[in-house]
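Working notes, structure below.
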Amino acid sequence: MIGIIDYGLGNLGSIKNMLKVIGEKSVISSDAEELDKCNKLILPGVGSFDAGMSKLNDSKLADYIKTVTEKEKKPILGICLGMQLLGKSSEEGILPGLGLIPFCSKRFQIEDKRLKVPHMGWDIVKIEKDIPLTHNLLDKRQRYYFVHSYHAVCESQENVLMTCDYGYDFAAAVVKDNVMGVQFHPEKSHSFGMALLTNFVEM
Amino acid sequence: MYNRPRIIPVLLVDDRDLIKTKQFNERTYLGDPVNAVKIFNIKGVDELSILDIGVTKNHKEPDFQLLSDIASEAFMPLSYGGGINNIEQVRKLLAIGYEKVVMNTALFEKPELIREAVRLYGSQSIVASIDAKKTASGYECMIEDGGRKTGVTPVDMAKKALELGVGEIIINSIDNDGMMQGYDIELVRSIADSVDIPVTAIGGAGGIDDLKKVLDEGHAHAAAGGSMFVFYGRLRAVLITAPREEELIKKGIYDSEG
Numbered sequence: 001m002i003g004i005i006d007y008g009l010g011n012l013g014s015i016k017n018m019l020k021v022i023g024e025k026s027v028i029s030s031d032a033e034e035l036d037k038c039n040k041l042i043l044p045g046v047g048s049f050d051a052g053m054s055k056l057n058d059s060k061l062a063d064y065i066k067t068v069t070e071k072e073k074k075p076i077l078g079i080c081l082g083m084q085l086l087g088k089s090s091e092e093g094i095l096p097g098l099g100l101i102p103f104c105s106k107r108f109q110i111e112d113k114r115l116k117v118p119h120m121g122w123d124i125v126k127i128e129k130d131i132p133l134t135h136n137l138l139d140k141r142q143r144y145y146f147v148h149s150y151h152a153v154c155e156s157q158e159n160v161l162m163t164c165d166y167g168y169d170f171a172a173a174v175v176k177d178n179v180m181g182v183q184f185h186p187e188k189s190h191s192f193g194m195a196l197l198t199n200f201v202e203m
Numbered sequence: 001m002y003n004r005p006r007i008i009p010v011l012l013v014d015d016r017d018l019i020k021t022k023q024f025n026e027r028t029y030l031g032d033p034v035n036a037v038k039i040f041n042i043k044g045v046d047e048l049s050i051l052d053i054g055v056t057k058n059h060k061e062p063d064f065q066l067l068s069d070i071a072s073e074a075f076m077p078l079s080y081g082g083g084i085n086n087i088e089q090v091r092k093l094l095a096i097g098y099e100k101v102v103m104n105t106a107l108f109e110k111p112e113l114i115r116e117a118v119r120l121y122g123s124q125s126i127v128a129s130i131d132a133k134k135t136a137s138g139y140e141c142m143i144e145d146g147g148r149k150t151g152v153t154p155v156d157m158a159k160k161a162l163e164l165g166v167g168e169i170i171i172n173s174i175d176n177d178g179m180m181q182g183y184d185i186e187l188v189r190s191i192a193d194s195v196d197i198p199v200t201a202i203g204g205a206g207g208i209d210d211l212k213k214v215l216d217e218g219h220a221h222a223a224a225g226g227s228m229f230v231f232y233g234r235l236r237a238v239l240i241t242a243p244r245e246e247e248l249i250k251k252g253i254y255d256s257e258g
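Here the protein sequences line up with chains A and B, keeping their order.
The first sequence runs 1 to 203 under this note's numbering.
The second sequence runs 1 to 258 under this note's numbering.
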């Protein structure tokens, strides 16, 4: 059972739909007790960094996420803004992030004027680490749907799980132990996204 | 750098029927929209757009049940347009699995709704759709499914949409709709060259060469179509279809993933 954290921002329905096709039960909830019954969590999110953090802080979900991921080592997957919230901070806002992985989110600074921000559309990634979330994805090109203006800049290369080239290489996915985040939308990335979420379900 | 402009089938819905129009008029009944979405999902299309042309006309709410049924079959980016006139409808659409909400009549009637939606959900969630018709002196924007004149040119409208904060513009040629004779390249380019956000072209696509042309010469960032995804052959037999990945790579529309 996967708990999809509902803090008022994000594409919750799509994630639930894809988990259903994979054959995994999920619950969309903002209630810590209900989320606690789940063995894994997904932190979705669409919108601005401070809007997301203030909703997590106000609902006490921020404390809950920090506790269960740090003490109980519950696996969590952040998606899009949900990934950025796992970091320490973002140029988009002034509030501190959850700080579970040492990275900051920075706005794209691209010299090539033909490349628009947001980075929107399908892009291919390079998988940098072989972990349970990626282990059977390495032998074939993976392609995912992205929509974002900010991207993670990791303090240490060891937290970079995937990279993508848009004007320059940026971290398309990050990891630190049981805490994982993807900048793209697996729930909107056809069979590629389904393979990744299946790995998350099965790990 | 991998380049893959989005190729987007647009499905027109009216009262739960999948249909296709010609020049916003003459229509063909095509079948069940959910069924079509299932096929596009299997084909792995880049993105899908659902436009309900019955909602504004009949002053109804968007058909959220149908839209949920569609979203549960579509594991690709989805947009919806048709009759959006309050923020709760925007919230609901995003919650049931639509990434983007397409605004047309609201650009004129309710600009404050667009501003509010952009503030709450980000510019990437809100798309302005501009329906343009040729006139003796140039082009004019139409609203209410092409039924009402506005006296505004598409370029001015695009600039206004940009100011309201939308993240993308769809430029639709009413004259070329359903004709399958190619896009109005001049119209598309005039919009793409006057804004710095992605522009999606629609209206006139008959085949893969038209897609290539509007991306290269029309400077569009994405190419959408109706008829070419639902009709097959000169006799316009109904067939839900999409160009194959290899064809698009061969034409130089997509980069090879190599």
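Glycine residues also receive a C-beta, built at the ideal position from the N, C-alpha and C atoms.
In DSSP terms, what A:Lys60 is bridged to:
In the DSSP output, where bridge partners are listed per residue, A:Lys60 has none listed.
Once DSSP output is grouped into helix, strand and coil, what is the label at A:Ile101?
Coil at A:Ile101, not helix or strand.
For A:Ala152 and B:Ile169, what's the separation of their Cα atoms in angstroms?
Straight-line Cα distance between these residues: approximately 28 Å.
Neighbourhood of B:His259 by C-beta, 8 Å cutoff - its chain only, sequence neighbours within 5 removed:
With chain B running from 1 to 258 in the structure shown, residue 259 of chain B is simply not present.
Against A:Arg107, what residues of chain B qualify as contacts under a CB-to-CB distance less than 8 Å, listed in chain order?
What A:Arg107 touches in chain B: nothing, since even the nearest Cβ is about 14 Å away.
At a cut of 8 Å, does the stretch 139-150 of chain A reach the stretch 58-71 of chain A through at least three beta carbon pairs?
no
For B:Arg115, the three-state DSSP class (helix, strand or coil)
helix
Three or more C-beta pairs closer than 8 Å, one from the stretch 86-98 of chain A and one from the stretch 183-199 of chain A: is that the case here?
no
Which same chain residues end up closer than 6 Å to B:Lys212 when comparing Cβ atoms and leaving out the 5 residues on each side of it in sequence?
Answer for B:Lys212: Lys251 and Ile253, listed in chain order.
Which bits of chain B does A:His190 rub up against, with CB to CB less than 7 Å?
Gly44, Phe75 and Met76
Out of curiosity, what's the CA-to-CA distance linking A:Leu9 and B:Arg236?
43 Å
Taking the CB atoms as reference points, tell me whether B:Ala154 and B:Ala132 lie closer together than 7 Å.
Before going on, a small fix: residue 154 of chain B reads as Pro here, not Ala. In contact: B:Pro154 and B:Ala132 (Cβ atoms closer than 7 Å).
Could you give the DSSP three-state label for A:Ile42: helix, strand or coil?
strand
Within the 7 Å Cβ cut-off, does B:Ser72 reach chain A?
Under the Cβ criterion of 7 Å, B:Ser72 is counted among the residues facing chain A.
When the Cα atoms are used, what is the spatial distance from A:Thr163 to A:Ala51?
26 Å
May I ask which residues mark the beginning and end of the alpha helix (DSSP H) holding A:Asp177?
That residue, A:Asp177, is in no alpha helix (DSSP H); it is neither H nor E in DSSP.
Taking B:Phe283 as the reference, which of B:Pro9, B:Ala36, B:Leu93 and B:Glu47 has the closest Cα?
Residue 283 of chain B lies beyond the range of chain B shown here (1 to 258); nothing can be said about it.
Name the residues in the stretch 116-139 of chain A whose C-beta lies less than 9 Å from a C-beta of chain B; which are they?
Lys116, Pro118, Met120, Gly121, Trp122, Asp123 and Ile124
Is B:Asp210 helix, strand or coil when you go by DSSP?
helix
For B:Gly233, I'd like the list of residues in its chain whose CB is within less than 6 Å of its CB, leaving aside the five on either flank, ordered along the chain.
none
Please state whether DSSP places B:Arg91 in a helix, a strand or coil.
helix
Could you pull out every residue in the same chain whose Cβ sits closer than 7 Å to the Cβ of A:Asn159, ignoring the five residues on either side in sequence?
Ile101, Pro102, Phe103, Val174, Val175 and Lys176
Which partner residues of A:Ser29 appear in the DSSP bridge assignment?
A:Ile5
Any idea what DSSP makes of A:Asn199, helix, strand or coil?
helix
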